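Protein chains: 2
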Amino acid sequence: MPPTDGEAERKIIPQAVIKRLSLYSRILQDLELENVEKISSADLGRRLGFNSAQVRKDLACFGQFGVPGFGYYVSDLRKNLRSILGKDRTVRVILIGVGNLGSALISYHGFTKQGFKMMWGFEAQPEAATQRVRSEVPIYHVDELESKIQGESVDIAVLAVPATEIQSIAERVVAAGVKAILNFVPARIEVPEEVQVRYVDLALELESLSYYVR
Amino acid sequence: MPPTDGEAERKIIPQAVIKRLSLYSRILQDLELENVEKISSADLGRRLGFNSAQVRKDLACFGQFGVPGFGYYVSDLRKNLRSILGKDRTVRVILIGVGNLGSALISYHGFTKQGFKMMWGFEAQPEAATQRVRSEVPIYHVDELESKIQGESVDIAVLAVPATEIQSIAERVVAAGVKAILNFVPARIEVPEEVQVRYVDLALELESLSYYVR
DNA sequence: GCAAATTTGTGATTGTTTTCACAAAGGGCG
DNA sequence: CGCCCTTTGTGAAAACAATCACAAATTTGC
Ligand SMILES: NC(=O)c1ccc[n+]([C@@H]2O[C@H](COP(=O)([O-])OP(=O)(O)OC[C@H]3O[C@@H](n4cnc5c(N)ncnc54)[C@H](O)[C@@H]3O)[C@@H](O)[C@H]2O)c1
Ligand SMILES: NC(=O)c1ccc[n+]([C@@H]2O[C@H](COP(=O)([O-])OP(=O)(O)OC[C@H]3O[C@@H](n4cnc5c(N)ncnc54)[C@H](O)[C@@H]3O)[C@@H](O)[C@H]2O)c1
Numbered sequence: 028m029p030p031t032d033g034e035a036e037r038k039i040i041p042q043a044v045i046k047r048l049s050l051y052s053r054i055l056q057d058l059e060l061e062n063v064e065k066i067s068s069a070d071l072g073r074r075l076g077f078n079s080a081q082v083r084k085d086l087a088c089f090g091q092f093g094v095p096g097f098g099y100y101v102s103d104l105r106k107n108l109r110s111i112l113g114k115d116r117t118v119r120v121i122l123i124g125v126g127n128l129g130s131a132l133i134s135y136h137g138f139t140k141q142g143f144k145m146m147w148g149f150e151a152q153p154e155a156a157t158q159r160v161r162s163e164v165p166i167y168h169v170d171e172l173e174s175k176i177q178g179e180s181v182d183i184a185v186l187a188v189p190a191t192e193i194q195s196i197a198e199r200v201v202a203a204g205v206k207a208i209l210n211f212v213p214a215r216i217e218v219p220e221e222v223q224v225r226y227v228d229l230a231l232e233l234e235s236l237s238y239y240v241r
Numbered sequence: 028m029p030p031t032d033g034e035a036e037r038k039i040i041p042q043a044v045i046k047r048l049s050l051y052s053r054i055l056q057d058l059e060l061e062n063v064e065k066i067s068s069a070d071l072g073r074r075l076g077f078n079s080a081q082v083r084k085d086l087a088c089f090g091q092f093g094v095p096g097f098g099y100y101v102s103d104l105r106k107n108l109r110s111i112l113g114k115d116r117t118v119r120v121i122l123i124g125v126g127n128l129g130s131a132l133i134s135y136h137g138f139t140k141q142g143f144k145m146m147w148g149f150e151a152q153p154e155a156a157t158q159r160v161r162s163e164v165p166i167y168h169v170d171e172l173e174s175k176i177q178g179e180s181v182d183i184a185v186l187a188v189p190a191t192e193i194q195s196i197a198e199r200v201v202a203a204g205v206k207a208i209l210n211f212v213p214a215r216i217e218v219p220e221e222v223q224v225r226y227v228d229l230a231l232e233l234e235s236l237s238y239y240v241r
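Taken in sequence, the protein lines are chains D and E. Residue numbering for the first sequence follows this note's numbering, starting at 28 and increasing by one per position. Residue numbering for the second sequence follows this note's numbering, starting at 28 and increasing by one per position.
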């Protein structure tokens with residue numbers, strides 16, 4: 028008998044594949060609104076600039092969703108992708124640091140549209156922040172971080188605090204049980220390796236553009 | 028005589044290399060402030076989680092900057108990287124759409140710190156935007172886009188308008204001669220292929236995190 | 001000023017991702 | 001109902017990227 032991995036049968040899927048699945052999912056969302064019933068891998072690829080084989084290979088990581096000679100049922104594939112991406116339930120998000128950037132993020136409706144639930148904001152100066160932002164998301168003092176999270180589980184923490192605070196805030200959200208971080212602060216954070224971290228680094232994007240236009 | 032490419036001797040450098048060069052450049056900036064004189068590829072790599080050979084290979088795309096048995100002179104390498112990245116002159120940036128997100132971007136000091144110059148904001152409702160934002164960057168009506176750009180050249184346009192407007196705005200900035208776009212709007216834009224486009228897609232990042240925590 | 005210790009720059013190697021290409025599956029039209 | 005056409009799923013090949021490993025160059029310490 029070959030050694031099975033037990034329940035860890037799911038092989039490691041590259042991040043790039045997951046990002047593309049998200050893109051597929053969004054196209055399918057649009058198609059469903061337009062009442063389009065089916066789509067081929069070639070069409071789906073064309074809309075995003077990918078090769079059709081790439082689309083099929085990406086999907087093949089998770090099973091067989093297509094119908095040969097026909098394509099994919101939009102609604103069916105969308106359902107599957109949502110489930111794969113963990114979006115078949117509400118994904119709970121918090122924001123730490125409701126300053127200039129955080130104020131925009133906390134009231135961003137693109138979140139909700141994609142099925143995320145922005146639970147709370149946390150701030151060193153919650154009064155000033157509450158005044159600044161017009162949004163239904165409650166903003167608490169950062170001291171309440173641990174007690175709030177304890178009550179209800181949180182999936183993802185979005186960080187937009189000053190660079191000096193980032194490591195200590197990261198440690199606090201991790202200690203409180205958060206397993207994924209989206210970091211807008213241009214500084215590397217040290218966290219246990221089971222915690223997923225994504226960096227959004229604006230200046231980096233600008234610099235790479237700067238290279239190509241100089 | 029082998030066919031030379033004329034002045035197009037510069038081979039195509041992958042985007043990933045350029046991003047890493049930016050990261051190196053930022054580390055070197057910090058080191059210079061700390062008056063560190065030299066650094067090895069191994070040290071530089073360690074600070075970013077890269078292999079030392081990767082660092083050397085990346086740099087080798089552009090020349091020989093190191094001293095065997097010694098390492099790299101911080102200030103020297105930094106100067107070279109800035110020049111490679113096109114940062115040895117002011118890089119001129121404009122922002123279109125000074126709403127929730129744009130308001131944060133227009134007054135972001137991380138820009139300036141990395142040598143970018145935010146020239147102007149353009150808005151459909153410039154009065155409201157000016158009121159909202161406390162920043163020295165002037166905000167004009169979007170109708171003035173073409174005439175302003177005509178006078179002084181612009182390197183990069185940052186787009187943060189509603190999704191419905193994105194294609195038309197993209198076409199206008201391209202027609203006005205802008206060669207690089209940083210797009211925060213989650214919608215693909217059609218532009219001539221010589222125009223460089225980067226997408227910053229927040230919901231995509233959240234979704235990929237969502238997969239790993241589900 | 002010489003030998004030992006470093007560290008670069010780079011060809012070779014390994015690993016990963018994308019693309020190709022085609023057999024097999026299924027739908028649709030006559 | 002059956003044949004033809006389309007499109008999937010997937011091994012094989014190609015392209016691309018990261019890592020290894022080592023000769024060559026240079027510093028450092030004695
Ligand atoms: N503004 C932008 O467009 C932008 C773009 C990219 C990245 N960033 C990064 O995002 C971060 C925030 O930028 P910003 O422009 O919003 O700055 P900001 O100063 O406006 O916002 C920071 C907020 O964090 C709060 N804060 C400080 N310490 C805190 C703590 N310990 N816990 C909770 N809240 C705390 C402050 O009160 C403030 O409201 C920075 O690290 C910046 O580099 C900003
Ligand atoms: N708010 C966020 O945190 C966030 C995050 C990621 C992406 N985005 C994207 O960024 C874009 C802007 O988001 P937002 O939250 O700032 O929305 P917003 O409505 O607050 O801002 C859009 C601004 O663009 C202006 N505008 C409209 N048409 C224009 C035109 N033709 N020319 C110039 N300006 C015009 C509006 O007056 C408004 O001020 C959206 O596409 C959104 O999906 C926003």
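Heads up, the beta-carbon is just placed ideally off N, CA and C, and yes, glycines get one too. Please read these numbers as outputs of a predicted model, since none were measured by experiment.
Check, Outcome
"N- and C-terminal bounds of the alpha helix (DSSP H) containing Gly129 (chain D)", "127-133"
"Contact shell at 6 angstroms, judged by CB to any heavy atom of ligand 2, ordered along the chain", "D:Ala131, D:Leu132, D:Tyr135, D:Gly137, E:Ile123, E:Gly124, E:Val125, E:Gly126, E:Asn127, E:Leu128, E:Gly129, E:Phe149, E:Glu150, E:Ala151, E:Gln152, E:Ala156, E:Val169, E:Ala187, E:Val188, E:Pro189, E:Ala190, E:Glu192, E:Ile196, E:Phe211, E:Val212, E:Pro213, E:Leu229"
"Residues near Ala207 (chain D) by beta carbon distance below 6 angstroms, same chain, minus five either side", "Ile183, Gln223"
"Bridge partners - Gln223 (chain E), DSSP secondary structure assignment", "E:Ala207"
"Interface positions of the segment 59-71 of chain E facing chain D (Cβ-Cβ less than 8 angstroms), listed along the chain", "none"
"Within 8 angstroms, strictly: CB atoms of Pro153 (chain E) and His168 (chain E)", "yes"
"7 angstroms Cβ cut-off: residues of chain D touching Arg241 (chain E)", "Gly113"
"Short Cβ contact (8 angstroms threshold) for Arg109 (chain D) with Asp115 (chain D)", "yes"
"Exposure of Ser195 (chain E), with buried meaning 16 or more beta-carbon neighbours within 10 Å", "exposed"
"Span of the beta strand (DSSP E) around Glu119 (chain D)", "A quick correction: the sequence has Arg, not Glu, at residue 119 (chain D). Looking at the DSSP string, the run of the beta strand (DSSP E) that includes Arg119 (chain D) is 118-123."
"Residue from D:Glu198, D:Met146, D:Ala151, D:Asp228 with nearest C-alpha to Ser180 (chain D)", "D:Met146"
"Status (buried if at least 16 other CB within 10 Å, exposed otherwise) for Leu233 (chain E)", "buried"
"Validate contact between the segment 155-167 of chain E and the segment 126-142 of chain E using beta carbons, cut 8 angstroms, 3 pairs", "yes"
"Ala245 (chain E) - DSSP class collapsed to helix/strand/coil", "In this structure chain E extends from 28 to 241, so residue 245 (chain E) is not present and cannot be described."
"Chain E within 8 angstroms of Ile45 (chain D), Cβ atoms only", "yes"
"Nearest neighbour of Ala247 (chain D), chosen from D:Pro219, D:Ala203, D:Phe97, D:Leu229 [CA to CA]", "Here chain D has residues from 28 to 241 only, and residue 247 (chain D) is not among them."
"Nearest candidate by alpha-carbon position, reference Arg74 (chain D), set D:Val205, D:Arg53, D:Ile39, D:Ile216", "D:Arg53"
"When D:Val205, D:Gly204, D:Glu192, D:Ser235 are compared against Arg215 (chain D), the one with the closest alpha-carbon", "D:Glu192"
"Given 8 angstroms, three or more beta-carbon pairs between the segment 114-129 of chain E and the segment 77-90 of chain E", "no"
"8 angstroms Cβ cutoff, Arg73 (chain D) in contact with chain E", "no"
"Among D:Lys84, D:Asn62, D:Glu64, D:Glu61, nearest to Gly72 (chain D) - alpha-carbon criterion", "D:Lys84"
"Bridge partners - Phe143 (chain D), DSSP secondary structure assignment", "D:Val118"
"Pick from E:Phe92, E:Leu86, E:Glu61, E:Leu112 that is closest to Gln141 (chain E), judged by C-alpha positions", "E:Leu112"
"Beta-carbon proximity list for Tyr226 (chain D), same chain, < 7 angstroms, skipping 5 on both sides", "Asn210"
"C-beta contact flag for Tyr99 (chain E) and Lys65 (chain E) at 8 angstroms", "yes"
"Simplified DSSP assignment, three categories, for Ile65 (chain D)", "Reading the sequence as shown, one finds Lys at residue 65 (chain D) and not Ile. In the structure shown, Lys65 (chain D) sits in a strand (DSSP, three-state: E or B)."
"Own chain, CB closer than 7 angstroms to Lys175 (chain E), minus 5 neighbours either side, in chain order", "Trp147, Tyr167"
"Element boundaries [alpha helix (DSSP H), containing Val24 (chain D)]", "In the structure as shown, chain D begins at 28 and stops at 241. Residue 24 (chain D) is therefore absent and cannot be evaluated."
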